[in-house]
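Under the UniProt record's numbering, think of the first position of the sequence shown as 1, with each following residue one higher.
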Amino acid sequence: MASRRLLSSLLRSSARRSPAPRSSAAACPTPRAAPRPSPAGYLLSRAVEYATSAAAPQPTPPPVKTPPGPSGKITDEFTGAGAIGKVCQVIGAVVDVRFDEGLPPILTALEVLDNQIRLVLEVAQHLGENMVRTIAMDGTEGLVRGQRVLNTGSPITVPVGRATLGRIMNVIGEPIDEKGEIKTNHFLPIHREAPAFVEQATEQQILVTGIKVVDLLAPYQRGGKIGLFGGAGVGKTVLIMELINNVAKAHGGFSVFAGVGERTREGNDLYREMIESGVIKLGDKQDESKCALVYGQMNEPPGARARVGLTGLTVAEHFRDAEGQDVLLFIDNIFRFTQANSEVSALLGRIPSAVGYQPTLATDLGGLQERITTTKKGSITSVQAIYVPADDLTDPAPATTFAHLDATTVLSRQISELGIYPAVDPLDSTSRMLSPHVLGEEHYQTARGVQKVLQNYKNLQDIIAILGMDELSEDDKLTVARARKIQRFLSQPFHVAEVFTGAPGKYVELKESVNSFQGVLDGKYDDLPEQSFYMVGGIEEDENIEVSFMSEQVRLYLGSIGLLGEYSPTTRNRERLSWGSFSCMHYRPHQHLTPTLGCYFKQPLLIAEDPFIVSKGKDSTVSSGPPCL
1 MASRRLLSSL LRSSARRSPA PRSSAAACPT PRAAPRPSPA GYLLSRAVEY
51 ATSAAAPQPT PPPVKTPPGP SGKITDEFTG AGAIGKVCQV IGAVVDVRFD
101 EGLPPILTAL EVLDNQIRLV LEVAQHLGEN MVRTIAMDGT EGLVRGQRVL
151 NTGSPITVPV GRATLGRIMN VIGEPIDEKG EIKTNHFLPI HREAPAFVEQ
201 ATEQQILVTG IKVVDLLAPY QRGGKIGLFG GAGVGKTVLI MELINNVAKA
251 HGGFSVFAGV GERTREGNDL YREMIESGVI KLGDKQDESK CALVYGQMNE
301 PPGARARVGL TGLTVAEHFR DAEGQDVLLF IDNIFRFTQA NSEVSALLGR
351 IPSAVGYQPT LATDLGGLQE RITTTKKGSI TSVQAIYVPA DDLTDPAPAT
401 TFAHLDATTV LSRQISELGI YPAVDPLDST SRMLSPHVLG EEHYQTARGV
451 QKVLQNYKNL QDIIAILGMD ELSEDDKLTV ARARKIQRFL SQPFHVAEVF
501 TGAPGKYVEL KESVNSFQGV LDGKYDDLPE QSFYMVGGIE EDENIEVSFM
551 SEQVRLYLGS IGLLGEYSPT TRNRERLSWG SFSCMHYRPH QHLTPTLGCY
601 FKQPLLIAED PFIVSKGKDS TVSSGPPCL
């Protein structure tokens, strides 16, 4: 059809351009004149020739042979591996590099040559004119324009496998524990695709932590993602250390700890504690270690803090995929990952989003979180501490993280101000596992009953603050009394805090936690004072101290503690003019009273009429004095 339309248009144009009639003198051609071709015939022949060539079949081009590469897709020609570039600009942690040939793709690792230390750059943007913008994984002090840069042709690659157990690495896989090179044949890039949907497992199983408030109200899923939310100084790191103590030490598989932008002192303390507990073994027994550590602490540049979480995750993924292990991954603190990306975002020329965060906040976080999952080969159970700026849970960084988690443990500053640790908010903390189909009916009803009592107490607090307790009904007074006992019973001494508190840590089994709280809800312990529930483990321990040992209540006077005969009554409550329950403790004269001194006897406290010995304060010397009753 196109050929026909072209032919007709050419014929019409030639007809309009036909030559004018010639004169009679010129009408007789001379014998020597050559015949002139007709314009219409010439154009017609050209049109037919064009139509014929257009309709003819075109020859098929020969197939292009792809040179053999790592996967048949990426080749040296594409990645530019081995190409040498030059530094053109240095702006803090961001370095611009020009390549005359072999332009590296996004996320490719570059190495600066002729530098005192190994400096790795990661390509973040292509600026045009053979220029790339990169993020430095270490300090850029001493870099100069014109310095040579090598294109490695691959992303940042780190060592993985059993050789990493018991070792401390940085973001690029270099050992920083002064124990020599990590000897392994297994290396993986830190940028990888998340497992496909069909590869993921759907099994639901509880991970028992031994912490009452967690196991009862917001239980953790084995193979799930758990977030510990809290502001500055409310106990996130202490809680994650206790989880490492309770779970990782008793865990049969391997653990990976990624320190992202937190204090170097805490990283050193964790390393020493793991050595003392046997989780990490040194020397010839290093092969028996159960944990690998990856650190990118506060003093590191933002590039290292933005990628060290991916390095730790890559180590954990190898144990899951290659060895079929159930891996525990601890990340402290995932907010620093977001913060580090925000620091370099402006230098990369991106327009800030809400509250100054990078516009790619959700993408950055999703790329990390989606790789933390359980597959049919193995599982990764992730516990992540998440700093909440200004205690605002609606801040974009923690709010974006909420969507990825299976359980959230929210730490409250108001609860920590009451001296209740761990300062877990029992009403804000949530879990997908809090279901009767997973936990069983008894556990579920107990947890909901505890939350109901605490919520009713929260609703009554305004009335109590304005009118006082006397204006409440008897039922409300009972609700308040039980709620205050539950609130204090949610506290628990930690093993990792023994050095600070002097109190031995407690591990509480799940069944014991459920039975204890159900007893409080049923009114089984209504006759006990609320202070007896503070900082104890299970209710059995509380009964031994307060029920078996006691038959009376003794009033304190100015904090003095009375000693009867050969027995010293001690108490948890040392407030002025308050009532507290006492147990009996053996003492010897002129000794200091400490929580560990003496032994307990199962006999009631007798009220003596004669003067007896008095001790003022917790660690005061025993001396004679008037009775305090």
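Even for Gly, the Cβ is constructed at its ideal location relative to N, Cα and C.
field: Element boundaries [beta strand (DSSP E), containing leucine 188]
entry: For leucine 188, the enclosing beta strand (DSSP E) covers residues 187-189.
message: What does the Cβ neighbour count give for histidine 318, buried or exposed, with the cut at 16 atoms within 10 Å?
response: Buried, by the Cβ-count rule.
message: Starting from valine 123, trace the beta strand (DSSP E) in both directions and tell me its first and last residue.
response: That run of the beta strand (DSSP E) goes 120-128.
message: Going by C-alpha to C-alpha distance, which of Ile334, Leu217, Ala397 sits closest to alanine 354?
response: Measuring C-alpha to C-alpha distances from alanine 354 to each of Ile334, Leu217, Ala397 identifies Ala397 as the nearest.
field: Counted within 10 angstroms of its Cβ, other Cβ atoms place isoleucine 240 as buried (16 or more) or exposed
entry: Result: buried.
- request: Decide if glutamate 199 is buried, meaning its Cβ has at least 16 other Cβ atoms within 10 Å, or exposed.
  value: Its Cβ having fewer than 16 others within 10 Å, glutamate 199 is exposed.
- request: Confirm, please, whether the CB-CB distance from arginine 413 to valine 453 is below 8 Å.
  value: In this structure, arginine 413 does not lie closer than 8 Å to valine 453 by Cβ.
message: For serine 71, which residues in the same chain have their Cβ closer than 7 Å to its Cβ, ignoring the five residues on either side in sequence?
response: For serine 71, the predicted model reports a pLDDT of 40, less than 50, meaning its position is unreliable; a value from the coordinates is still stated below. In the same chain as serine 71, and ignoring 5 residues on each side of it, no C-beta atom comes closer than 7 Å to its own.
task: Could you check what DSSP says for glycine 449 in three-state terms: helix, strand or coil?
output: Glycine 449 falls in the helix class under three-state DSSP.
query: From the DSSP output, which residues share a beta bridge with cysteine 291?
result: Here cysteine 291 is bridged, per DSSP, to Ser255.
message: Are the CB atoms of serine 429 and threonine 409 within a distance shorter than 8 Å?
response: Inclusion of threonine 409 and serine 429 in the CB contact set at 8 Å is warranted, their separation being smaller than that value.
- prompt: Buried or exposed: which applies to glutamine 116, given that a residue is buried once 16 or more other Cβ atoms fall within 10 Å of its Cβ?
  reply: Its Cβ having fewer than 16 others within 10 Å, glutamine 116 is exposed.
- request: With a 10 Å radius around its C-beta and 16 neighbouring C-beta atoms as the bar for buried, classify arginine 488 as buried or exposed.
  value: If you draw a 10 Å sphere on the C-beta of arginine 488, you find 16 or more other C-beta atoms in it, and that means buried.
task: Taking all protein chains shown into account, decide if lysine 236 is buried (16 or more other Cβ within 10 angstroms of its Cβ) or exposed.
output: Around the Cβ of lysine 236, a 10 Å sphere holds 16 or more other Cβ atoms; the residue is buried.
query: Where does methionine 274 sit, in a helix, a strand or coil, going by DSSP?
result: Under the three-state reduction of DSSP output, methionine 274 falls in the helix class.
- request: Taking alanine 109 and proline 155 to be in contact with their CB atoms under 8 Å, please state how far apart those CB atoms are, rounded to whole angstroms.
  value: About 6 Å separates the two Cβ atoms, so the contact holds.
Backbone CA spacing between asparagine 292 and isoleucine 168 [nearest angstrom]: Asparagine is not the amino acid found at residue 292; the sequence shown has alanine there. Rounded to the nearest angstrom, the two C-alpha atoms are 7 Å apart.
contact_flag[the region 143-163, the region 270-285] where n(CB pairs < 8 Å) is 3 or more: Contact fails between the region 143-163 and the region 270-285, because fewer than three Cβ pairs, one in each stretch, are under 8 Å apart.
query: Who does lysine 86 pair with in a DSSP beta bridge?
result: Its beta-bridge partners are Arg98, Arg148.
query: In whole angstroms, what separates the C-alpha of valine 536 from that of leucine 434?
result: Using only the alpha carbons, I get a separation of about 24 Å.
- prompt: Heavy atom of the ligand ZN less than 7 Å from the Cβ of tyrosine 444, yes or no?
  reply: Inclusion of the ligand ZN in the displayed structure is not the case, the ligand content being empty and no account of it being possible.
field: Best match in Ile135, Gly233, Phe402 for proximity to glutamate 417 [C-alpha to C-alpha]
entry: Check the Cα spacing between glutamate 417 and each of Ile135, Gly233, Phe402: the tightest is with Gly233.
message: Considering only DSSP beta bridges, list what glycine 296 is partnered with.
response: DSSP output for glycine 296 lists Val260 as bridge partner(s).
message: Assuming threonine 152 and alanine 93 are in contact, meaning their beta carbons sit under 8 Å apart, how far apart are those beta carbons, in whole angstroms?
response: About 19 Å separates the two Cβ atoms, so there is no contact after all.
query: Buried or exposed: where does histidine 191 fall if 16 or more other Cβ atoms within 10 Å of its Cβ makes it buried?
result: Buried: at least 16 other Cβ atoms inside 10 Å.
field: Selection from Val132, Gln221, Arg118 that minimises the alpha carbon distance to cysteine 88
entry: Cα-wise, what sits closest to cysteine 88 is Val132.
query: Would the beta-carbon of glutamine 492 fall within 8 Å of that of proline 422?
result: Between glutamine 492 and proline 422, the C-beta spacing is below 8 Å.
task: Please list, in chain order, all residues of the same chain as tyrosine 457 whose beta carbon is under 7 Å from its beta carbon, the five residues on each side excluded.
output: If we look at tyrosine 457 and ignore the five residues flanking it on each side, its Cβ neighbours are Thr479, Val480, Ala483.
query: Is the beta carbon of proline 301 less than 8 Å from the beta carbon of glycine 139?
result: Taking 8 Å as the Cβ cut-off, proline 301 and glycine 139 qualify as a contacting pair.
query: For the 8 Å Cβ check, are there 3 or more pairs between the region 380-389 and the region 328-343?
result: Using a C-beta cut-off of 8 Å, the region 380-389 makes contact with the region 328-343, since at least three inter-stretch Cβ pairs fall below that distance.
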